[in-house]
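>
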Amino acid sequence: MLSAGPTPRITHDEWAFTITTEKGQVHRWSWDEFLALPQEDVTQDIHCVTSWSKLGTSWRGVAIDTLFDGVDTEYEYTMAHSYGGYTTNVPLADLLDGKAWIAHTFDGADLAPEHGGPARLLVPHLYFWKSAKWVNGLQMLPQDQPGFWESNGYNMYGDPWKEERYW
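Last residue of the sequence shown: 198 (the numbering used here), numbering continuous.
1) Can you give me the Cβ contacts of Asn-186 inside the same chain, cut-off strictly under 7 Å, excluding the 5 residues immediately before and after it?
2) Spatial neighbours of Gly-87 within its chain, please: CB distance less than 6 Å, with the 5 preceding and 5 following residues excluded, ordered by chain position.
3) Kindly indicate which residue of Gly-139, Thr-42 and Thr-118 has the alpha-carbon position closest to the one of Gln-170.
4) When the Cα atoms are used, what is the spatial distance from Ile-41 to Ala-150?
5) Based on the DSSP secondary-structure assignment, which residues constitute the bridge partners of Gln-170?
6) Shortest alpha-carbon distance to Val-166 belongs to which of Gly-116, Tyr-158, Gln-174 and Leu-172?
7) Do Thr-109 and Asp-69 come within 9 Å of each other at the CB atom, strictly closer than that value?
8) Sorted by chain position, which residues of the same chain lie with C-beta nearer than 6 Å to Thr-51's C-beta, five sequence neighbours on each side aside?
9) Along the chain, where does the alpha helix (DSSP H) containing Thr-119 start, and where does it finish?
10) Could you compute how far the alpha carbon of Leu-157 sits from the alpha carbon of Arg-91?
11) Within the continuous alpha helix (DSSP H) that includes Ile-95, where are the two ends?
12) Mind reading off the beta-carbon distance from Asp-76 to Pro-155? Whole number of angstroms is fine, and I expect it under 8 Å.
13) For Lys-85, list the residues DSSP reports as bridge partners.
14) Residues in its own chain within less than 7 Å of Trp-132 by CB, not counting five upstream and five downstream?
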């Protein structure tokens with residue numbers, strides 16, 4: 032497992048997820064509030080920048096579409112933030128319309144901290160560095176800005192079918 036730093040150990044009582052808009056509005060969910068939202072079971076292939084893929088992975092979580100219900104934004108870009116300070120940029124269009132989730136279960140078990148638990152972003156159509164481990168929020172941005180790996184030479188978008196790994 033690759034990580035940009037040490038593995039944070041976040042309890043369910045400590046965990047929260049926020050969406051922050053350009054108007055300063057903050058939409059926040061505690062762990063219990065998050066679990067009370069509609070849950071989805073999804074099976075997706077995932078692709079790592081180091082050239083491996085895993086087919087048919089099973090996840091459970093909340094669709095980003097559900098979290099954006101009632102969020103008023105005109106911005107088209109997001110920065111995902113994680114416990115531990117990791118960031119990655121993802122266009123909003125790549126998070127909506129059934130393309131992304133905040134996942135808390137993998138293969139029927141709670142997501143282990145080493146795999147990003149208690150919850151991680153799941154954006155399976157992009158390289159897996161975009162599926163931020165230990166995710167705690169999305170910040171709306173007026174333009175695309177590089178996150179951690181993008182600032183260190185990784186591609187700004189990360190399409191595995193175009194092999195968009197590095198600049």
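Virtual Cβ for every residue (Gly too), placed ideally from N, Cα, C.
Let me spell this out:
1) To locate residue 186, count along the sequence shown from 1; it is residue 155. Glu-195, Arg-196, Tyr-197 and Trp-198, listed in sequence order.
2) In the sequence shown, counting from the first residue as 1, residue 87 sits at position 56. Leaving aside the five residues that flank Gly-87 on each side, the residues in its chain whose CB is nearer than 6 Å to its CB run, in chain order, Thr-74.
3) Start at 1 with the first residue of the sequence shown, and residue 170 comes out as number 139. Among Gly-139, Thr-42 and Thr-118, the Cα nearest to that of Gln-170 belongs to Thr-118.
4) Your numbering for residue 41 matches position 10 in the sequence shown. Your numbering for residue 150 matches position 119 in the sequence shown. When rounded, the distance between both Cα atoms is 9 Å.
5) The sequence position of residue 170 within the sequence shown is 139, counting from 1. Beta-bridge analysis with DSSP links Gln-170 to Thr-51 and Met-110.
6) Counting from 1 along the sequence shown, the entry for residue 166 is found at position 135. In terms of Cα proximity to Val-166, the closest of Gly-116, Tyr-158, Gln-174 and Leu-172 is Gly-116.
7) By 1-based counting over the sequence shown, the position of residue 69 is 38. By 1-based counting over the sequence shown, the position of residue 109 is 78. According to the sequence displayed, residue 69 carries Pro and not Asp. Cβ atoms of Pro-69 and Thr-109: not closer than 9 Å.
8) The residue labelled residue 51 in the question sits at position 20 within the sequence shown. Result list for Thr-51: Val-57 and Gln-170, in chain order.
9) Residue numbering aside, residue 119 sits at position 88 when the sequence shown is read from its first letter. Run containing Thr-119: none in the alpha helix (DSSP H); it sits in the beta strand (DSSP E), 118-122.
10) Here residue 157 corresponds to residue number 126 of the sequence shown, with the count starting at 1. Here residue 91 corresponds to residue number 60 of the sequence shown, with the count starting at 1. Straight-line spacing of the CA atoms in Leu-157 and Arg-91 works out to 18 Å.
11) Stepping through the sequence shown from its first residue, residue 95 is reached at position 64. Run containing Ile-95: 95-98, per the alpha helix (DSSP H) assignment.
12) On the sequence shown, position 45 is the one that residue 76 refers to. On the sequence shown, position 124 is the one that residue 155 refers to. Yes, Asp-76 and Pro-155 are in contact; Cβ-Cβ is about 6 Å, under 8 Å.
13) Here residue 85 refers to the residue found at position 54 of the sequence shown. Beta-bridge pairing links Lys-85 to Ile-77.
14) Numbered from its first residue, the sequence shown carries residue 132 at position 101. Within the same chain, Trp-132 has close Cβ partners Glu-71, Val-73, Trp-90, Gly-92, Val-93, Ala-94, Ile-95 and Leu-153.
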